[in-house]
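Peer 1:
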Amino acid sequence: MNLPVLRLSVPAALALGSAALGAAFATGLFLGRRWPPWRVRRQQRLLPPEDSPLWQYLLSRSMREHPALRSLRLLTLEQPQGGSMMTCEQAQLLANLARLIKAEKALDLGTFTGYSALALALALPAAGRVVTCDVDAGPPEVGRPLWRKAEMEHKIDLRLQPALETLDELLAAGEAGTFDVAVVDADKENCAAYYERCLQLLRPGGVLAILRVLWRGEVLQPRPGDVAAECVRNLNERILRDVRVLVSLLPLGDGLTLAFKI
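Here the sequence shown is numbered in my numbering, starting from 797 and rising by one per residue.
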């Protein structure tokens, strides 16, 4: 007997997909409550918590962390707001993507101690360049000795001014379409502007990575007056509908969007 084939309309398929994502998110919240993170400063996670045997197994079978990068990660975790740093698995994924597309130029919005900038610099060839932006001169100086130890300091071009100013300067200098990778981990109020300018600066086939796109779960229903959560939610909707990119939103850390410029 032939069973009827279930055919879904596009809206129905999207609804099922949204339901599946919601179920995954709820599961992540349950796991987070049952096994609290080992550092209270760490971001809310949708994957198993870092102190679970399964997560430790995952990291032990995948991480190949440069000694200077590991030292900088541990040092950064001891800084105020250090737990908001890019996670080691995120950094390795982005570095591997940079190697895969043979990247030579990268953007890094939100330097902090330079952990993500160093991860990218290590993935670039000898003549590679990472333009990294921050408004605070203090945290990058924490990481600079380890940039130097890894012999990567010459690749890291630190710009101490608002990121939008740096992006506009790069565009004005004729660097549109010349960058291979862009990482955005800066203030969320300007995230839509960062996205648009980074897309202009990326070449076709370039990768745009945006961190903290789940915003501790607040994107589901932002609280009144939570401007950052609203901005992240709006950006997620914009990227979903943007025909200029292919997109994957991954439950790593507090959410990682990868947008591949077509």
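For glycine and all other residues, C-beta sits at the position ideal for the given N, C-alpha and C.
(1) Just the C-alpha distance for residue 889 and residue 1021, rounded to the nearest angstrom, thanks.
(2) I'd like to know whether the C-beta atoms of residue 908 and residue 872 end up nearer to each other than 8 Å.
(3) In the DSSP assignment, find the unbroken beta strand (DSSP E) run with residue 910 in it and report its ends.
(4) Looking at the structure shown, is residue 1016 part of a helix, part of a strand, or coil, going by DSSP?
(5) Determine the contact status of residue 928 and residue 952, defining contact as a CB-CB distance below 8 Å.
(6) Report the partner residues of residue 1042 according to the DSSP bridge assignment.
(7) Output the boundary residues of the alpha helix (DSSP H) element that contains residue 1028.
(8) Count the other CB atoms, across all protein chains shown, that sit within 10 Å of the CB of residue 1058; report buried if there are 16 or more and exposed otherwise.
(9) Taking only runs that begin and end inside the segment 934-993, name each unbroken beta strand (DSSP E) of 3 or more residues, in chain order.
(10) Starting from the C-beta of residue 891, find all residues in its chain whose C-beta is less than 6 Å away, skip the five residues before and the five after it, and write them out in chain order.
(11) On a Cα-Cα basis, can you pick out the residue from 1011, 923, 1032 and 866 that is closest to residue 880?
(12) Under 8 Å Cβ to Cβ from residue 1009, same chain only, skipping five residues before and after it: list those, please.
(13) Just to confirm the assignment, what range does the beta strand (DSSP E) spanning residue 1005 have?
(14) For residue 967, I'd like the list of residues in its chain whose CB is within less than 8 Å of its CB, leaving aside the five on either flank, ordered along the chain.
Peer 2: Quick answer:
(1) As the crow flies, the alpha-carbon of residue 889 is around 34 Å from that of residue 1021.
(2) yes
(3) Note, residue 910: premise wrong, no beta strand (DSSP E); not H, not E.
(4) coil
(5) yes
(6) 1056
(7) 1023-1036
(8) exposed
(9) Fully enclosed beta strand (DSSP E) runs of no fewer than 3 residues occupy 952-956 and 975-980 of the segment 934-993, in order along the chain.
(10) 915 and 919
(11) 1011
(12) So the list reads 1015, 1028, 1031, 1032, 1045, 1050, 1051, 1052 and 1053, once near-sequence residues are dropped.
(13) 998-1007
(14) Counting only residues of its own chain and dropping the five nearest sequence neighbours on each side, residue 967 has a CB closer than 8 Å to the CB of 993, 996 and 997.
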